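2 protein chains.
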Amino acid sequence: MVSIIDVARAAGVSNKTVSRVVNGEPYVTPEMRERVERAIRDLGYVPNMAARMVRSSRSRTFGIITDYVSTTPYSGDIVRGIQDWATANGKIILLANTGGDPERELSIWNTFRSHQIEGVLYVTMYHRVVDPEAGDVDLPTVLINCHPGSRVDLPSIEPDDTQGSLDLTRYLLARGHRRIGYIRLNPILLGGEQRYEAFRHATTEAGIPENDIIVRLGMEGPVGKETNYVYSAARDILSDENRPTAIMCGNDEMAIQVYLAALHLGLRIPEDVSIAGFDDFQTLSLALKPELTTAALPYYDLGFKGTERLNQLIEIPADRPSRVVVPCELIERGSVSSK
Amino acid sequence: MVSIIDVARAAGVSNKTVSRVVNGEPYVTPEMRERVERAIRDLGYVPNMAARMVRSSRSRTFGIITDYVSTTPYSGDIVRGIQDWATANGKIILLANTGGDPERELSIWNTFRSHQIEGVLYVTMYHRVVDPEAGDVDLPTVLINCHPGSRVDLPSIEPDDTQGSLDLTRYLLARGHRRIGYIRLNPILLGGEQRYEAFRHATTEAGIPENDIIVRLGMEGPVGKETNYVYSAARDILSDENRPTAIMCGNDEMAIQVYLAALHLGLRIPEDVSIAGFDDFQTLSLALKPELTTAALPYYDLGFKGTERLNQLIEIPADRPSRVVVPCELIERGSVSSK
DNA sequence: TTGTAGGCGTTATCAT
DNA sequence: ATGATAACGCCTACAA
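Same order as they appear, the protein sequences are chains A and B.
The letter at position 100 of the first sequence is residue 100 when you use the working numbering, and the numbering goes up by one with no holes.
If you want the working numbering, it's the position in the second sequence, counting the first as 1, plus 1000.
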């Protein structure tokens, strides 16, 4: 392995001068810099991060800790956002997942300490409440896509399910829908509750009578092994002679089943029923015909901005914990029509 | 930060004795070990990996390099498999993605060298041919979910699309289907071609006349911005009075569109048409009603076994490059019926 | 079985 | 503006 000393020797300067060049420090004459840079190229030198870390005790490394409960459908985009910020800012990312096992989670925090990690991104695949086992380790931490439980007080960055659902509901209302079905997400998901509440809020605000809101629970049970009633709930709602003109779904996955139920009953989308999803999981929302009108979860931004936020936290430790919320964009496609 | 010396002092032993205990080396009396272990617990000592690396020049770190072309729907499971093997075997994973940019790819290899990485996992999100820019750096490398192009000769681990498609086709054949539609995946995807070839092979072998095989191209164009003909192709095939009794799809995503087209035409699944997918992307395959019969891509295994293989390569460098193939399991659900 | 000395590649400190 | 030297935390080699 070629070291800083080899470079120094080749360039005929001291190791410290090489160090200065490598780290872009001032007080190096252009001529020196030139010489050193050539030696670096000639020898193919790359700095040894491990040694740098030992000496400076700055690792420039962040850890991601995820839950990965159930197969993880969407949120690879969160990790992509994290990656992109990290790469652009010279940080390294260490990835670990708990598989939902608290004991494993503890051992991960130790691994992180072992690697001198400067901060932790605690990422969940569904928007929900968590209690990280951070324990006694107090590394700067940002929660991404989840909300701190009572035991802890940590900064978080979360999608604004409320605003997204409000926008979507008002969009339906604006297009004349006055009798609307709603299929609810699993109640243990924070996002699901927020979406439903927002839906209720918007319809009440618009003066829609209670009777014209048809609500069904689409799924329940532990994440990853929930029982799913969506298809039959949709058939049920749509079979009624006084059926709603539109159905909103807890997420896009549910929307598929509503499509299938509607078509099965000979209903056309959107002429006979309008359908709206949530998430904009494009593998679904673009595969549906007509393509799905939905609200996009800002996963990439969550990752990107969350990492930025973690970095702030590290550089300005005084920064107070707080909750940041990222809007969900309304994606207008073909599955909702005017009445 | 608490170091090995602090522990040694607290336990009243030398630093080397602590080192021995930490690394589980022999020749330590139980009594000593006990004393050291208590000191470790009391002080909350964790070894400093960076220092360990500097001295021993073994990083126990693998790098993952991914392409992430287009939004990545499925293959988070590959990374999960890698993670699990790594965690179980005390390895650390560094994640980097090229975003398809060769220049960035080069800088990633440098980052990897900087971190003294012992091996590289080159992962793609779609099964395809690649030419890694490994350049002069010759780290042990395993290709996961992709196949080396002409320029390089690297070991790879790939899904057995051929076997999966063969199994699926024969399954349909065994259930009496004699006139079958096939909607092809983008021709630039290796897996798509293998699936299609295998389908042709199996039907020919079964003596199905050319006339009874109805093939359509479902999509084409660059990955991530392909044009999609699936829905209209499916309508087309199914509108024919002499329509096939079953349709096989390049993947599950296409299957959705075939479902929609069939239902739109008033056809029942599977009574009137059987439908088979490929991938077992469960967010889709389980959301469809009836649930989709398909072949499961072994993503998790690809990651897990690929990492194991990389480790072998590192420990026994003599090991020759080779191609390993992992079977796709046939997942029998409700979308295919007997004729 | 245990301890001592030295060195890995880097940055920090303090001279010059 | 540049350099000499120490120190980071650990492991290797060797000695006791």
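All C-beta atoms in this analysis are idealised placements derived from N, C-alpha and C, irrespective of residue type, glycine included.
Computed from a predicted structure; not experimentally measured.
Counting only residues of its own chain and dropping the five nearest sequence neighbours on each side, I1256 of chain B has a CB closer than 8 Å to the CB of L1284 and L1288.
Take the alpha-carbon of V142 of chain A and the one of G306 of chain A: they are about 7 Å apart.
At least one C-beta of chain A is nearer than 8 Å to the C-beta of S1114 of chain B. Inter-residue distance for I82 of chain A and Y1196 of chain B is about 37 Å (C-alpha atoms, whole angstroms). Taking the Cα positions, H264 of chain A is about 15 Å away from P290 of chain A.
Judged by their CB atoms, S274 of chain A and V336 of chain A are nearer to each other than the 8 Å cut-off. In the structure shown, T1162 of chain B adopts helical secondary structure according to DSSP, grouped into three states. Of the candidates A:Y300, A:F304, A:S239 and A:P148, the residue whose Cα lies closest to the Cα of D280 of chain A is A:Y300.
The way I'd put it, the segment 166 to 175 of chain A does touch the segment 316 to 332 of chain A; three or more beta-carbon pairs between them come closer than 8 Å. Straight through space, the alpha carbons of P1148 of chain B and G1099 of chain B are spaced by roughly 19 Å.
Contact between the segment 173 to 186 of chain A and the segment 149 to 161 of chain A is absent: fewer than 3 CB-CB pairs across the two stretches fall below 8 Å. Runs of alpha helix (DSSP H) with 4 or more residues, each lying fully within the segment 33 to 63 of chain A, are found at 49 to 56, listed in chain order. In the DSSP annotation of this structure, the continuous segment of the alpha helix (DSSP H) that includes E1105 of chain B starts and ends at P1102 to S1114.
Under the Cβ distance rule, H264 of chain A counts among the residues neighbouring chain B, one pair being separated by less than 8 Å. I1314 of chain B places its beta carbon less than 8 Å from that of P1140 of chain B. Counting every other CB atom within 10 Å of its CB across the protein chains shown gives T1227 of chain B a total below 16, marking it as exposed. Among the residues of chain B, none has a CB under 9 Å from the CB of T141 of chain A; the nearest is roughly 18 Å distant.
Its chain contains V142, P155, I157 and V324 as the residues whose beta carbon lies nearer than 8 Å to that of R309 of chain A, once the 5 sequence neighbours on both sides are disregarded; these appear in chain order.
Under the 10 Å beta carbon count, S1059 of chain B is surrounded by 16 or more other beta carbons and is classified as buried.
Residues of chain B with a Cβ closer than 8 Å to the Cβ of S57 of chain A are, in chain order, M1001. Using a Cβ distance threshold of 8 Å, F278 of chain A and G250 of chain A count as a contacting pair.
Note: V1123 of chain B is bridge-paired with B:T1066 and B:I1144 in the DSSP secondary-structure output.
Residue pairing for M219 of chain A: DSSP places it in a beta bridge opposite A:N228.
Counting along the chain, the unbroken beta strand (DSSP E) around N1097 of chain B starts and ends at I1092 to N1097. Beta bridge pairing from DSSP links E1329 of chain B with B:A1296.
Here K1016 of chain B is exposed. Its C-beta has fewer than 16 other C-beta atoms within 10 Å. When DSSP states are grouped into helix, strand and coil, R323 of chain A belongs to the strand group. Neighbourhood of E1253 of chain B in chain A, by CB distance below 8 Å: T283 and A287, in chain order.
By the neighbour-count criterion, in which 16 or more other beta carbons inside 10 Å mark a residue as buried, D1138 of chain B falls on the exposed side.
The Cβ neighbour count for E1031 of chain B, taken over all protein chains shown within 10 Å, is under 16; the residue is labelled exposed. Looking at the DSSP output, V129 of chain A bridges to A:H147. Measuring C-alpha to C-alpha distances from N23 of chain A to each of A:M1, A:D42 and A:S56 identifies A:S56 as the nearest. Scanning its chain for C-beta atoms nearer than 6 Å, with the 5 sequence neighbours on each side dropped, one finds around D161 of chain A the residues G191, Q194 and R195, in chain order. Assignment of M254 of chain A by DSSP, reduced to helix, strand and coil, places it in the helix class. At a Cβ-Cβ threshold of 8 Å, Y122 of chain A and I92 of chain A do not count as neighbours. Contact annotation for N48 of chain A against chain B: V1054, S1114 and Q1116 [CB-CB distance below 8 Å, chain order].
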